[in-house]
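Structure record follows, encoded as structure tokens.
Protein chains: 2
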Amino acid sequence: MADRRSYAIGVDIGGTKIAVGLVDSEGNLIDSTILPTESEKGVSDAAARIHQAACEMITAQNLSKKSIMGMGVGCPGPLDLKSGMVMNPYTLPGWENVSLTQALEDAFGNPVRIENDADVALIGECWVGAGKGKNPVVMLTFGTGVGGAVRCDGRVYRGVNGEHPEIGLMPVLPDMPPDYSGVDGSLESLASGAGIAQQGEAFGFEDAAAVFDAAQGGHREAEMIVQRAYRAAGVAAWTLAHCFVPQRIILGGGLMNHHFHHFSHTMRDYLSRAKLLPENSIDIAKAQLANRAGMIGAAGLWLMD
Amino acid sequence: MADRRSYAIGVDIGGTKIAVGLVDSEGNLIDSTILPTESEKGVSDAAARIHQAACEMITAQNLSKKSIMGMGVGCPGPLDLKSGMVMNPYTLPGWENVSLTQALEDAFGNPVRIENDADVALIGECWVGAGKGKNPVVMLTFGTGVGGAVRCDGRVYRGVNGEHPEIGLMPVLPDMPPDYSGVDGSLESLASGAGIAQQGEAFGFEDAAAVFDAAQGGHREAEMIVQRAYRAAGVAAWTLAHCFVPQRIILGGGLMNHHFHHFSHTMRDYLSRAKLLPENSIDIAKAQLANRAGMIGAAGLWLMD
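Protein chains in written order, with my numbering: chain A, 15 to 319; chain B, 15 to 319.
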């Protein structure tokens with residue numbers, strides 16, 4: 015009976031952890047498990063462990079492999095989508111020049127699709143989260159960095175050669191210094207966890223949370239850093255609204271657990287001042303799927319629509 | 015014999031002039047004529063004159079109406095693409111709430127399609143101009159204002175409810191004051207003809223050309239305005255590159271007749287400093303079709319592909 019519905023395995027790969035989930039055709043996460051990434055052990059090692067985790071979940075649900083449409087993988091880029099190779103020596107050292115999708119297909123038997131992690135999270139939100147029924151949707155993920163993705167008319171936006179746009183690197187306050195990307199005053203350098211932490215270092219703060227806490231306590235420099243992060247997000251809202259005219263901008267990532275209210279308030283304020291945008295058409299919403307977005311979206315590569 | 019090829023009428027509507035052209039299936043502009051817009055006389059009056067001009071060209075080429083696939087129209091927005099209505103009381107007063115496409119179909123007999131003028135110019139360039147064979151393509155048109163359009167995978171990018179993105183209004187130097195759009199330091203306010211003229215007013219300059227001339231002559235304030243326009247374009251290049259990852263950015267419009275070299279030089283310089291863009295993948299090119307782009311692109315709505 016259970017096999018009359020279809021399922022997929024969704025894999026969310028990060029630098030330290032891999033989340034593997036079993037997702038049904040309605041976008042429900044039926045079961046999930048966390049593995050250490052240990053990318054330095056190589057692609058085949060990870061593929062074997064992901065395969066084992068998937069098989070255990072399939073068996074535990076009394077499913078057969080026939081009811082599994084395929085495996086979807088969300089992974090930090092740069093990716094070569096055609097060959098399935100992950101070329102990210104910073105986050106995933108040891109995986110370069112070997113096809114992750116090939117290794118997973120060899121291990122798992124079922125077909126495998128791979129996507130940029132930010133795109134997969136957006137697909138998850140558009141399937142059963144904050145982006146459901148909205149078009150176009152832009153998602154910004156405020157974590158260590160600022161990731162971004164755009165979905166329009168049911169397709170993830172891609173640039174030349176299928177490149178994933180790095181929206182978080184757009185300049186917002188170009189009188190500020192450049193970061194590692196070479197862009198002056200990028201959104202990421204001013205409003206990401208790492209960016210806020212780096213600005214706080216000069217004043218003795220240990221991390222972004224310490225800067226936010228001190229700002230709330232009235233610490234002048236911390237306040238300045240936090241206000242600048244909000245302003246950066248406001249300017250970014252203007253840019254995204256005029257470039258993409260999305261129906262919804264979704265804000266996700268760790269920073270939004272505590273600071274969604276202030277970020278979204280500033281972004282809405284900026285949007286309300288932009289007189290040539292379509293009236294009442296662009297809103298700001300919090301991501302709903304938290305750390306399940308990657309698994310659900312990756313499975314959605316097989317199950318959505 | 016001539017009728018074995020197919021043709022379309024391309025109409026490029028502006029606030030003062032309407033250009034009507036006969037275009038063949040290879041994108042050649044066979045014949046064209048210019049009419050006064052006189053929008054205050056209403057939609058039917060303009061439709062009748064456009065129809066007459068089209069018929070004269072068709073007759074002069076010994077063509078029959080059967081060889082005309084249709085009529086394409088490029089028009090300044092806001093447009094309601096479904097109803098074919100033009101809601102632009104500033105540029106086209108007297109046309110609100112009446113369907114331009116319906117009036118043209120009634121007069122012309124053949125089917126009519128309408129598009130935003132910036133989108134139509136980009137379609138023309140992608141068909142037989144600077145965007146040919148490139149994907150995605152972003153076009154910026156530096157005239158009185160700064161218009162923009164994006165084409166990806168053979169489709170013009172559209173936002174919520176089919177809205178045309180107003181890319182020229184993106185903020186680039188948000189410490190500068192807002193313009194009529196409500197956006198602080200927009201590309202348009204700093205780098206359009208009207209924007210440069212307005213900044214020059216305070217120093218006694220009559221128009222943008224006077225500011226550029228004085229800057230070349232070493233006038234300090236004029237130089238500052240012109241350098242800021244270049245910088246605005248450079249920051250815009252960063253934004254467009256990270257948001258859309260285009261294969262090519264096309265620069266068109268009157269300002270580019272004399273200043274393409276400096277604008278494109280600054281934009282290339284900014285792009286070369288952005289380390290996380292795909293290497294050697296994004297270039298800057300000058301529009302090739304000049305004021306024929308609108309007519310050719312509008313006809314391309316019927317003939318392209």
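We treat Cβ as the ideally placed atom computed from N, Cα and C, and that holds for glycine.
For the beta strand (DSSP E) that tyrosine 21(B) lies in, which residues bound it at each end?
-> Run containing tyrosine 21(B): 21 to 27, per the beta strand (DSSP E) assignment.
Apply the 10 Å Cβ neighbour rule to lysine 148(B) and answer buried if 16 or more other Cβ atoms are within range, or exposed otherwise.
-> Buried, by the Cβ-count rule.
Since isoleucine 64(A) is in the alpha helix (DSSP H), which residue starts that stretch and which ends it?
-> Residue range 57 to 74 is occupied by the alpha helix (DSSP H) that includes isoleucine 64(A).
Note down, in chain order, each residue of its chain lying with its Cβ closer than 7 Å to the Cβ of glycine 173(A), except the 5 sequence neighbours on either side.
-> Cβ neighbours of glycine 173(A) beyond the five flanking positions: Pro179.
Chain-ordered neighbours of lysine 289(B) on chain A, where CB pairs are closer than 8 Å | Tyr194, Ser195 and Gly196, listed in chain order.
Counting contacts by CB-CB distance shorter than 8 Å, is tyrosine 171(B) in contact with chain A?
-> It does; some Cβ of chain A falls within 8 Å.
Own chain partners of aspartate 17(A) with C-beta closer than 8 Å, once the 5 adjacent residues on each side are dropped = With a pLDDT of 46 at aspartate 17(A), under the threshold of 50, the predicted position of this residue should be treated as unreliable, and no value is reported.
Whole-angstrom distance between alanine 74(A) and leucine 95(A), CA atom to CA atom = Each residue's Cα considered, the two are about 32 Å apart.
What is the rounded straight-line gap between the Cα of glycine 199(B) and the Cα of histidine 256(A)?
-> Approximately 14 Å, taken between the alpha carbons.
Glycine 24(A) to glycine 88(A), Cα distance in whole Å?
-> Roughly 8 Å separates the two Cα atoms.
Any idea what DSSP makes of methionine 15(A), helix, strand or coil?
-> Low local confidence applies: a pLDDT of 41 at methionine 15(A) is under 50, so the model's placement there is unreliable, with the coordinate-based value given in what follows. In the structure shown, methionine 15(A) sits in coil (DSSP, three-state: anything other than H, G, I, E or B).
Which runs of the alpha helix (DSSP H) spanning at least 4 residues fall entirely within the segment 95 to 157 of chain B, listed in chain order?
-> Here the runs fully enclosed are 114 to 122 and 131 to 142.
Straight-line gap, glycine 232(B) to methionine 238(B) (C-alpha atoms, nearest Å) = Their backbone Cα atoms lie some 10 Å apart in a straight line.
Apart from the five residues on each side of it in sequence, which residues of its chain come closer than 6 Å, Cβ to Cβ, to alanine 211(A)?
-> So the qualifying residues of the chain are Asp221 and Ala222.
Contact set for valine 152(B): own chain, Cβ-Cβ below 6 Å, skip 5 residues either direction | The answer, listed in chain order, is Val164, Leu254, Phe258, Pro260 and Ile263.
Less than 8 Å between the CB atoms is what I'm expecting for glutamate 129(A) and leucine 315(A), so what's the real figure, rounded?
-> In this structure glutamate 129(A) touches leucine 315(A) by the C-beta definition: roughly 6 Å separates them, less than 8 Å.
Answer yes or no: does any C-beta atom of chain A fall closer than 8 Å to that of proline 107(B)?
-> No, proline 107(B) lies away from the interface with chain A (no Cβ there is under 8 Å from its Cβ).
Cβ contact (3+ pairs, closer than 8 Å) linking the segment 238 to 250 of chain B and the segment 108 to 128 of chain B = With the rule of 3 Cβ pairs closer than 8 Å, the segment 238 to 250 of chain B does not count as touching the segment 108 to 128 of chain B.
Comparing the C-beta of methionine 184(A) with each C-beta of chain B, is any distance below 8 Å?
-> Methionine 184(A) counts as touching chain B.
Contact the segment 301 to 317 of chain A vs the segment 40 to 49 of chain A: 3+ CB pairs below 8 Å | Counting Cβ pairs under 8 Å, three or more are found: they touch.
Interface residues of chain B around proline 50(A) at Cβ under 7 Å?
-> Ordered by position in chain B, no residue passes the 7 Å Cβ test against proline 50(A), which lies about 27 Å from the chain.
Status (buried if at least 16 other CB within 10 Å, exposed otherwise) for histidine 65(B) = Residue burial is scored here from C-beta neighbours: histidine 65(B) has at least 16 other C-beta atoms within 10 angstroms and is therefore classed as buried.
May I have the straight-line CA-CA distance separating aspartate 319(B) from cysteine 166(A), to the nearest angstrom?
-> If you take the alpha carbons of aspartate 319(B) and cysteine 166(A), they lie about 22 Å apart.
Sheet register partners of threonine 170(A) (DSSP bridge) = Just to set this straight, residue 170(A) is valine in the shown sequence, not threonine. According to DSSP, valine 170(A) bridges with Arg165(A).
For methionine 85(A), three-class secondary structure by DSSP | DSSP places methionine 85(A) in strand when its eight states are reduced to three.
Where does the unbroken beta strand (DSSP E) through isoleucine 296(A) begin, and where does it stop?
-> Unbroken run through isoleucine 296(A): none, as it is neither H nor E.
Determine whether the Cβ of threonine 158(A) lies closer than 8 Å to any Cβ atom of chain B.
-> Chain B, which has no Cβ nearer than 8 Å to the Cβ of threonine 158(A), makes this no.
Look at the Cβ atom of glycine 182(B), then the Cβ atom of glycine 161(B), and state whether they are nearer than 8 Å.
-> Result yes, Cβ atoms of glycine 182(B) and glycine 161(B) sit closer than 8 Å.
Report the three-state DSSP secondary structure of valine 197(B) (helix, strand or coil).
-> Residue state, collapsed to three classes: coil.
Among the residues of its own chain, which have a CB less than 8 Å from the CB of leucine 106(B), if the five just before and after it don't count?
-> Cβ neighbours of leucine 106(B) within its own chain (closer than 8 Å, five residues either side excluded): Ile27, Gly29, Thr51, Ser53, Cys89, Pro90 and Val100.
Measure the CB-CB distance between glycine 205(B) and alanine 246(B) and report whether it falls below 8 Å.
-> The amino acid at residue 205(B) is misidentified as glycine; the sequence shows alanine. Yes, the pair counts as a contact, with Cβ atoms nearer than the cut-off.
Assuming leucine 265(B) contacts phenylalanine 277(B) (C-beta within less than 8 Å), just tell me the rounded distance between them.
-> That pair is a contact at about 6 Å.
Proximal residues, the segment 248 to 267 of chain A versus chain B, C-beta separation under 7 Å = Listed by position, the residues of the segment 248 to 267 of chain A near chain B (Cβ gap below 7 Å) are Val249, Trp252, Thr253, His256, Cys257, Phe258, Val259, Pro260 and Gln261.
Along the segment 131 to 148 of chain B, what residues have a CB closer than 9 Å to any CB found in chain A?
-> For the segment 131 to 148 of chain B, the residues whose beta carbon sits under 9 Å from a beta carbon of chain A are, in order, Lys148.
Contacting residues, own chain, Cβ-Cβ under 6 Å from phenylalanine 217(B) (five flanking each side not counted) = Cβ contact annotation for phenylalanine 217(B) (same chain, cutoff 6 Å, sequence separation greater than five): Glu235, in chain order.
Close-in-space but distant-in-sequence residues of the same chain around phenylalanine 274(A) (CB under 8 Å, 5 per side omitted) = These residues qualify, in order along the chain: Leu265 and Lys300.
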